[in-house]
Amino acid sequence: MKNYITILTLLASTPLYAGIQNPPLFNNSNVDSNFVSIDLEVDKKLGEIYNPVTNRIDSVELRQYIDPHNPLANQFVAPTIQIKQGKSLKVNLMNNLPLYEYKKNNGEIEKTPNCRDEHNTIGCINTTNLHTHGLQVNPEYTVMPSKDGKDKGIAADNVFIKINPKEKQDYQFDIPKDHPAGTYWYHAHLHGSTALQVTSGMAGALIIEGNRLPKFDGKSFEQKGDFDVLWKAKKPSKISLNNIQHKISADSNNDLVMVFQQIQYICGDNQKLYKVNCGTNEIGHLDGDVEIKISDTDKYKLLSPSGWKKSGRYTSINGNVLGQIDLNQNEFYRWRMIHGGVRDTIGLRVYKLEKPINTQDKPNFIAECQKAAKLNNAINYSIVAQDGLTTNAIQQTNTILLQPGYRYDAIFNFKDAGQYCVVDNDKFPDSFKVNTNIEAKSSTDTPDPDKVLAIVNVKVSSSPTITLKEFLKSKVEDITLSNGQQLDAITQKQIKSDLDNNLITAFTPLDSLQNIESSNSNIKIGQQQLNFNISKVFGISNEKFNADLALPYGDNLNRYLTLNGIDEWTLTSTLAGHPFHIHVNPFQIQSVYKVDGSNNRIGGDITLEKNTNPLFNGLNGVWKDTLFVPTGYEIVVRTKYEKFTGDFVLHCHILDHEDQGMMQNVRICDPNDKDCKTRPFGSVVPAGLHSHAH
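Next up, the structure:
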């Protein structure tokens with residue numbers, strides 16, 4: 000049995016990086032146990048990656064997440080973690096990165112696990128920790144550390160922990176039984192080293208599998224189900240839902256896990272000029288946010304807004320640049336897309352090529368795809384989940400804007416055989432892009448050319464041509480209970496009726512917070528405000544539009560929120576846009592308005608409009624955990640802190656911004672915790688008051 004099952008068939012004649020595969024699953028995951036236990040190592044690793052600027056394959060050595068039981072070559076994306084609701088995920092993380100070296104006054108070199116880099120800078124690059132992005136889990140410890148510090152305890156989603164070189168930390172994430180099934184991810188999250196480690200490839204998919212069944216009582220869905228039970232439903236002659244193996248396979252569910260990354264590296268050292276294009280015998284590496292000098296007047300930092308564009312590199316999918324995807328005509332596929340990168344807003348569009356091309360010729364491959372993007376219309380696909388959370392309605396589109404941290408579950412169906420180009424299209428307002436340069440633009444500046452992400456080879460098949468509605472409705476009768484019986488007729492009928500109206504309300508996991516106070520006078524809605532600003536420092540202000548109060552991490556005000564409270568947040572940005580991400584608790588989008596120079600609202604709620612704004616149209620009532628906040632907008636969201644107390648953070652998900660100070664502490668307080676606002680962040684909470692589910 001192979002260690003992982005490939006969704007996509009690799010063409011025998013294609014060269015390195017020709018086929019895009021699902022990332023491998025961890026070799027020692029155990030689907031039958033209440034615990035899924037994995038070993039995760041952090042180390043520098045050699046690999047190869049295609050550089051479209053030089054049309055060559057570069058050798059690189061970068062920091063990676065490695066499964067020690069299945070170390071694969073050229074793996075710039077971490078293995079996928081899969082776990083079911085109600086299970087516990089154990090991660091044994093070992094940091095094998097080198098010790099730090101410092102020169103003493105006598106000239107000797109001191110090696111130490113302790114980093115001495117300054118706060119709010121990109122540094123401490125060999126120290127790490129682990130964050131499960133989007134999971135609604137304990138943000139502190141599963142087992143508390145000892146008071147003397149000798150026992151490090153068992154951490155949960157605790158980003159205040161430091162794992163120094165040559166040290167180990169155990170984690171345990173207890174997944175609630177009612178946790179939304181969906182597409183999440185995990186990545187390094189130590190303040191200072193996050194961006195460098197993630198852009199090296201220290202990120203991977205984390206899939207929560209669901210098997211909850213919906214139940215309609217004649218008026219409403221008294222019990223919500225997971226979209227998985229519909230998507231994975233099979234005829235009795237095929238594998239049943241309850242017997243699906245702990246693998247992603249095209250034979251079972253046509254899922255494609257796709258992690259989008261901007262893998263950065265440089266060549267040279269501090270004795271020579273650093274450069275982004277490596278020579279024949281050079282090995283690319285990344286050991287800091289170095290300056291690239293093209294000339295005396297043209298130089299830039301690698302992890303700056305212009306760094307990715309000037310490098311000329313392309314976003315990779317599962318570690319592959321310009322890879323290929325093999326699919327079958329008329330079959331439906333769920334693309335589970337994760338923006339696991341640091342830079343680049345991805346405007347994802349798919350275009351059909353008019354005639355076959357030779358994919359061996361990479362420059363021609365790029366040119367033909369760029370030509371198709373200019374001449375042809377992008378194909379449509381259907382969004383069924385954002386940030387791991389199933390949406391109320393199926394949204395058809397031909398474009399999504401993937402910002403760092405975003406996830407989309409989209410259903411693709413190719414009705415015509417042939418070749419298609421997956422393209423990163425840049426034809427959007429600069430205010431919608433994370434890599435917009437805030438400096439004055441010259442009249443000669445041009446948008447980025449279309450960057451090709453992959454080519455899709457669609458093979459002729461005998462599958463009939465049907466619509467997505469017909470496809471999903473046909474699967475409703477295949478949903479079976481644990482005893483093998485079908486769903487009751489009333490529930491089946493309602494799901495099908497909803498699908499006729501593009502609704503999937505049977506599978507939306509969270510109750511709406513919209514206008515809830517109008518039906519219950521006892522519900523009180525608190526108010527929170529936030530402004531991102533980088534005019535002087537990388538800072539956050541607790542007042543909307545008040546950029547003058549924006550301060551960096553450690554100087555800005557901590558936020559203290561109340562368990563089971565509901566807050567309405569107003570989000571704004573001054574000087575460039577920023578993706579807002581908060582740990583533990585997702586939020587529901589209430590409204591988005593444009594504002595004028597005096598911060599007055601202009602026009603109506605953009606989330607209710609169609610075909611006017613690709614960033615916000617259709618987002619009314621949608622739940623997310625990461626949301627891009629451009630300048631000139633006012634965004635209102637609501638969230639409820641109903642399960643966990645404890646400490647975590649919110650931050651800008653341009654991770655080099657976070658490393659340099661665009662982050663803020665958040666604490667959820669139990670009303671009985673009288674000392675909640677006086678304890679240092681990241682400290683041990685008294686017994687009986689530490690993070691817990693209610």
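Residue numbers (numbering that gives the first Met the number 0): 0 to 693.
Even glycine gets a Cβ: it sits at the ideal position worked out from N, Cα and C.
What you are looking at is a predicted structure, and each value in this text was computed from that prediction instead of being measured.
- Here Arg342 is near Gln261, since their CB atoms are less than 7 angstroms apart.
- Residue Tyr99 holds the alpha-carbon nearest to the alpha-carbon of Asn163 among Lys535, Leu548 and Tyr99.
- When the Cα atoms are used, Ser381 and Thr677 turn out to be separated by approximately 48 angstroms.
- For His656, the enclosing alpha helix (DSSP H) starts and ends at Leu654 to Asp658.
- C-alpha of Tyr49 to C-alpha of Asp669: approximately 51 angstroms in a straight line.
- In this structure, Phe259 lies near Ile316, with their beta-carbon atoms less than 7 angstroms apart.
- Between Val475 and Leu229, the beta carbon gap of about 7 angstroms places them in contact (Cβ cut-off 8 angstroms).
- Nearest neighbour of Phe226 by Cα position, chosen from Thr279, Gly603 and Ala392, turns out to be Ala392.
- Taken through DSSP and simplified to helix, strand or coil, Thr644 comes out as coil.
- In the displayed model, Asp360 falls within coil according to three-state DSSP, outside both helix and strand.
- For Gln587, the uninterrupted beta strand (DSSP E) segment begins and ends at Phe586 to Val594.
- Bounds of any alpha helix (DSSP H) do not take in Asp547, whose DSSP letter is neither H nor E.
- Cβ contact annotation for Glu221 (same chain, cutoff 7 angstroms, sequence separation greater than five): Lys214, in chain order.
- Within 10 angstroms of the beta-carbon of Glu109 lie fewer than 16 other beta-carbons, which makes it exposed.
- One alpha carbon belongs to Lys472, the other to Asn519, and they sit about 36 angstroms apart.
- In this structure, Asp449 keeps its C-beta atom at 7 angstroms or more from the C-beta atom of Asn412.
- Spatial neighbours of Ala371 in its own chain (CB-CB distance under 6 angstroms, excluding positions within 5 residues in sequence) are listed in chain order as Tyr350, Leu352 and Cys420.
- Beta-bridge partners assigned by DSSP to Gln491: none are found.
- Between His190 and Lys308, the alpha-carbon positions lie close to 25 angstroms from each other.
- The alpha carbon of Thr644 has as its nearest neighbour, out of Val583, Ser430, Lys468 and Pro112, the alpha carbon of Val583.
- Between the C-alpha atoms of Tyr183 and Ile80 there is a straight-line separation of about 10 angstroms.
- About 6 angstroms separates the beta carbon of Leu574 from that of Asn532, a gap short enough to meet the 8 angstroms contact definition.
- Approximately 14 angstroms separates the beta-carbon atoms of Thr606 and Val628; this is outside 8 angstroms, ruling out the contact.
- Around Lys43, the same chain offers Glu60, Leu61, Arg62, Gln63, Leu96 and Pro97 as residues with beta carbons nearer than 8 angstroms, after the five sequence neighbours per side are excluded.
- About 7 angstroms separates the beta carbons of Arg333 and Leu255, which is inside the 8 angstroms limit, making them a contact pair.
- Secondary structure in the region 468–538: the alpha helix (DSSP H) runs of 4 residues or longer, each lying completely within the stretch, are 488–499 in chain order.
- Across the structure, Asp386 and Pro508 are spaced so that their CA atoms are roughly 12 angstroms apart.
- DSSP, reduced to helix, strand and coil, places Leu374 within a helical segment of the structure shown.
- Asp150 carries a coil assignment under DSSP once its states are collapsed to helix, strand and coil.
- In this structure, Asp288 lies away from Leu272, with their beta-carbon atoms at least 7 angstroms apart.
- Listed in chain order, the non-local C-beta contacts of Asn545 below 7 angstroms within the same chain comprise Asn530, local neighbours out to five positions each way being set aside.
- Per DSSP, Val76 lies in no alpha helix (DSSP H) and is assigned neither H nor E.
- For Phe331, the beta-bridge partners assigned by DSSP are Asn412.
- For Glu657 against Thr193, the beta-carbon gap comes to about 6 angstroms, under 8 angstroms, which counts as contact.
- Membership of Phe680 in any beta strand (DSSP E) is not indicated, and neither H nor E is assigned to it by DSSP.
- In the DSSP annotation of this structure, the continuous segment of the beta strand (DSSP E) that includes Gly346 starts and ends at Ile345 to Lys351.
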